[in-house]
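Enquirer: In terms of our numbering, the sequence shown is residues 432 to 952.
Just so you know, even glycine gets a beta-carbon here, dropped at the ideal spot from N, CA and C.
All figures in this text were calculated on a predicted structure; none of them were measured in a lab.
I'd like to ask you about the structure that follows.
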Amino acid sequence: MKKIFFLILLLFARGNLFSQQIENVFIVKDEETKSVTAWMREGILYVPIAELAEALSINYFENVATGKVELKSNYFLLKTTPRNPYIVITPRTSATPKIYQLPTSTYIRNNNTFIPLPFMLDALEIIIERELKFEKPNRLVVGKQIASPLDDKKWMYDIPDLPPTTGYDITGISITEKVNGTLIRVHSKTRIPSYLSSFKDDELTIIFRKVNADVQKTTRDGISNLVRKIETRNVGSDVEFKFIVGSDYSTNEVMNVPESNDVIITIHNKVFSKSDQTKKNMDKWNFDVVVLDPGHGGKDPGAIGIDNLREKDVTLAIALKVGELLKKEMPDVKVVYTRKDDTFIDLYKRGKIANENNGKLFISIHCNSTKKKPSDVSGAEVYLLRPGRTQEAIEIAETENSVIKYEDNPQKYEKLTDENFILVSMAHSAYMKYSEKFAELLHKEFDLNLKLKSRGVKQAGFYVLVGASMPSVLVETGFISNKEDAKFLKSSAGQNQVAESIFSSIKTYRKYYEEAMDAEL
C-alpha cells in the first residue's frame with residue numbers, strides 16, 4: 432500500500448505538466464465580448480496578432496509569405512516580425528521609427544504570428560488610444576479613451592537611438608542593462624551582411640564581415656559583472672568584437688534590427704535561463720519512445736480461435752508491423768517491444784519495460800474471443816484503464832488478466848476492487864486525458880479504414896495497463912472466435928491494415944501531444 436501511495440504522489444508531481452490549457456482570450460469592448468485563440472507557452476499567454484487586431488477593430492496588413500504584421504492607427508504604425516523580440520513603432524507625423532525589445536519573441540503557430548499579450552499592452556494602447564486591462568486568466572478589458580503619445584510610455588525595453596555619425600561603417604555602441612542581461616546596440620551606417628561568433632574561456636568573440644568600426648567609440652571597460660569589457664579591432668575587411676564576460680554568462684543572441692542597419696547583441700545572464708534540470712525535464716517529455724506490447728506469448732497462447740488461430744501469434748505479427756512503420760516513417764521515435772518473439776513475459780514486467788525506457792505511449796495489442804465458437808460477435812475495440820461499465824468489458828478484462836496463472840507468483844496482483852481502482856485511477860489521472868485522446872483517434876481510424884467494424888472506446892481493469900506510467904490503451908483487434916474476423920487477422924493484408932491504422936493514430940496523436948507539451952513546458 433505504501434508503494435501505491437508513493438506512486439500516486441510521484442505521478443501527481445509529474446501531472447502538473449498535464450494541467451488544463453487556456454484556449455481562448457475574451458476581449459471585452461463597449462459591452463461586446465469577442466473571443467480570440469490563445470496559447471500558453473512557458474507560463475506566458477500568446478494570441479494571434481491578426482485575430483486580436485480584428486477583435487480590437489484595428490486596421491492591419493499581414494504579409495502571409497513572411498508572417499510580418501503591421502497595425503495601423505491615425506497616428507502610429509506598429510510592425511511585428513515572427514520569431515523576433517523586436518517591434519517597431521513609427522509615428523505618422525515624423526516617420527522616425529522607434530524600436531522596442533520584448534522579453535520574449537513572437538512565434539509562428541498554425542501559420543499565424545502569435546504575440547506575448549501581457550508584454551504588448553502598452554504598444555496596443557498606443558495604437559487604439561484606450562486603456563487595456565488584462566484580468567487573469569484570460570480576459571482583456573478595453574477601457575476609457577486616453578491620449579498616448581509615444582514618448583509618454585515607460586518602455587522598459589526601449590533601445591537607444593543612434594549616436595553621432597563618424598566616417599566608419601560602425602559608428603558606436605549603446606549599452607543597456609536589463610534584468611536578464613546586457614543589451615548592446617551596434618550602430619552601423621551600412622547593412623552588416625554576416626557575422627561569426629564563438630565562446631571560449633570567458634570570451635565571447637563576434638566578427639562582423641565586410642565592415643569597419645570606430646575602435647575608440649566601440650571599446651568599453653568596467654561595464655558590469657556580466658560584461659566586464661568590450662574590445663574592438665579592425666582585422667582586414669572585418670571587425671572583431673571581443674566581450675570579456677563574468678561567471679553569470681549563459682547565452683547570447685545576435686540579431687539585425689528591423690527598419691535599420693543596426694545590430695543588437697543580447698548577452699543573457701542566468702536569471703531567466705532554464706536550469707539544466709528544467710532542460711532535462713523538457714527532454715523527458717519529448718515524444719521519443721513508443722512501447723508496443725504484443726499480448727501473451729510463450730507458454731501463454733492467449734485465446735484460441737477458429738482453425739486453432741492463436742492470439743499470441745496475431746498480436747506479435749501486428750506489433751512488429753507497427754514497429755516497422757514507425758522506424759520507417761518516424762525514425763526519431765524509438766520503438767520498444769515488450770517481446771519480439773514467442774516469449775512469455777509477466778504482466779508486471781511489461782509495464783516495467785515501458786517505464787524503464789521512458790515510454791510516452793503504451794499500446795497493448797490483443798485479440799478478442801467468445802466462449803462459443805464460431806460466434807457472430809465481431810469487431811475491434813479500444814480499452815482505457817477504468818472500472819468496467821458493462822459485464823462484457825469486465826469479463827474481457829478478467830480473461831486477459833487470467834494469464835497471471837502462468838506466472839511464478841500470481842499472488843502479487845491485488846484484485847482491482849472499486850476501492851483499489853480509486854487509487855489506480857488517481858495514479859493514472861495525469862495521463863488519462865492523453866489516453867482518451869489516443870483511444871478516440873484509434874477508434875476513428877478503425878471506423879474509417881478497417882475492414883472490421885469498430886466497436887468503440889470502452890473501459891475495464893486490465894492489469895497490464897496498471898503498471899505503465901504513461902498514456903496507455905489496450906487494443907482488441909477483433910474476435911478470432913468469429914470466422915470473418917479470424918480470417919482477416921490471420922492474413923498478412925488484415926494485419927497490415929490493423930498496423931497501418933495504429934500507426935496513423937500514433938502519427939496524429941504525436942502532433943496533438945507535442946502541441947500540448949509545447950504549451951506546458
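How long is the line joining the alpha carbons of Val-573 and Arg-659, rounded to whole angstroms?
Expert: 45 Å
Enquirer: Note down, in chain order, each residue of its chain lying with its Cβ closer than 7 Å to the Cβ of Ser-866, except the 5 sequence neighbours on either side.
Expert: Leu-815, Pro-902, Ser-903, Val-904
Enquirer: Report the three-state DSSP secondary structure of Pro-595 (helix, strand or coil).
Expert: Because the pLDDT at Pro-595 is just 48, under 50, the model does not fix this residue reliably, and the value given afterwards should be weighed accordingly. Pro-595 carries a coil assignment under DSSP once its states are collapsed to helix, strand and coil.
Enquirer: Where does Glu-742 fall in DSSP's three states?
Expert: helix
Enquirer: Whose C-alpha, out of Arg-472, Glu-755, Glu-812, is nearest the C-alpha of Ala-930?
Expert: Glu-755
Enquirer: Over what stretch of residues does the alpha helix (DSSP H) that includes Thr-682 continue unbroken?
Expert: No alpha helix (DSSP H) holds Thr-682; the beta strand (DSSP E) holding it covers 680-687.
Enquirer: Between the stretch 605-616 and the stretch 664-671, are three or more C-beta pairs nearer than 8 Å?
Expert: no
Enquirer: For Ala-785, which residues of its own chain have a beta-carbon under 6 Å away from its beta-carbon, when the five flanking residues on both sides are left out?
Expert: Correct list, in chain order: Val-722, Phe-793, Ala-899.
Enquirer: Ordered along the chain, which non-local residues of its own chain (more than five positions away) have a Cβ less than 7 Å from that of Asn-927?
Expert: Excluding positions up to five away in sequence, the list reads Lys-752.
Enquirer: So, Glu-945 versus Phe-775, is the Cβ gap smaller than 8 Å?
Expert: no
Enquirer: Arg-514: buried (16+ other C-beta within 10 angstroms of its C-beta) or exposed?
Expert: exposed
Enquirer: Only counting the same chain, and skipping five residues up and downstream in sequence, which positions put a Cβ closer than 8 Å to that of Val-745?
Expert: Beyond the five residues adjoining it in sequence on each side, Val-745 comes within less than 8 Å, by CB distance, of Cys-798, Thr-908, Ile-911, Leu-920, Lys-921, Gln-926 in the same chain, given in chain order.
Enquirer: Just to confirm the assignment: which complete alpha helix (DSSP H) runs, minimum length 4, are found wholly within the stretch 889-923?
Expert: 894-897, 914-921
Enquirer: How should Ala-924 be labelled, buried or exposed, when 16 other C-beta atoms within 10 angstroms of its C-beta is the threshold for buried?
Expert: exposed
Enquirer: So Ile-638 and Thr-649 are supposed to be a Cβ contact under 8 Å. How far apart are they, rounded?
Expert: 13 Å between Cβ atoms; not a contact.
Enquirer: Quick one: what's got a C-beta closer than 7 Å to Asp-592's C-beta in the same chain, skipping five residues either side?
Expert: Annotation note: pLDDT 48 at Asp-592 (below 50); position unreliable, no value reported.
Enquirer: Does DSSP put Leu-635 in a helix, a strand or coil?
Expert: strand
Enquirer: Do you know how far the Cα of Phe-545 is from the Cα of Ile-453?
Expert: When the Cα atoms are used, Ile-453 and Phe-545 turn out to be separated by approximately 14 Å.
Enquirer: Helix, strand or coil for Val-646, going by three-state DSSP, please let me know.
Expert: Assignment of Val-646 by DSSP, reduced to helix, strand and coil, places it in the helix class.
Enquirer: Between the Cα of Leu-657 and those of Asp-772, Asn-683, Pro-516, spot the shortest distance and give me the residue it belongs to.
Expert: Comparing Cα-Cα distances from Leu-657 to each of Asp-772, Asn-683, Pro-516, the minimum goes to Asn-683.
Enquirer: In three-state DSSP terms, what is Ile-696?
Expert: strand
Enquirer: Identify whether Tyr-491 lies in helix, strand or coil by the three-state DSSP scheme.
Expert: DSSP, reduced to helix, strand and coil, places Tyr-491 within a strand of the structure shown.
Enquirer: Return the first residue and the last residue of the beta strand (DSSP E) that Phe-674 is part of.
Expert: 669-676
Enquirer: What is the rounded straight-line gap between the Cα of Pro-522 and the Cα of Asn-611?
Expert: 29 Å
Enquirer: Cα-Cα, which of Thr-769, Ser-678, Val-906 is closest to Gly-790?
Expert: Thr-769
Enquirer: How would you label Glu-425, buried or exposed, when you count the other beta carbons within 10 angstroms and need 16 or more for buried?
Expert: No information on residue 425 is available, as it lies outside the stretch 432 to 952 that the chain covers here.
Enquirer: Who are the near neighbours of Ser-504 in its chain, counting only those whose CB is closer than 6 Å to its CB and skipping five residues on each side?
Expert: Ile-558
Enquirer: Determine the contact status of Thr-636 and Ser-625, defining contact as a CB-CB distance below 8 Å.
Expert: no
Enquirer: Using the three-state DSSP reduction, which class does His-874 fall into: helix, strand or coil?
Expert: helix
Enquirer: List the residues that DSSP assigns as beta-bridge partners of Glu-562.
Expert: Its beta-bridge partners do not exist; DSSP assigns none.
Enquirer: Report the rounded CA-to-CA distance for Lys-567 versus Phe-457, giving the unit in angstroms.
Expert: 11 Å
Enquirer: For Pro-479, name the three-state secondary structure that DSSP assigns.
Expert: strand
Enquirer: Classify Glu-463 as helix, strand or coil using the three-state DSSP reduction.
Expert: strand
Enquirer: Starting from Gly-603, follow its DSSP beta bridges and name the residues at the other end.
Expert: Here Gly-603 is bridged, per DSSP, to His-618.
Enquirer: For Leu-723, report the span of its alpha helix (DSSP H) as first-last.
Expert: For Leu-723, there is no enclosing alpha helix (DSSP H); the enclosing beta strand (DSSP E) has its first and last residue at 720-725.
Enquirer: Is it true that the CB of Ser-795 sits closer than 8 Å to the CB of Asp-916?
Expert: no
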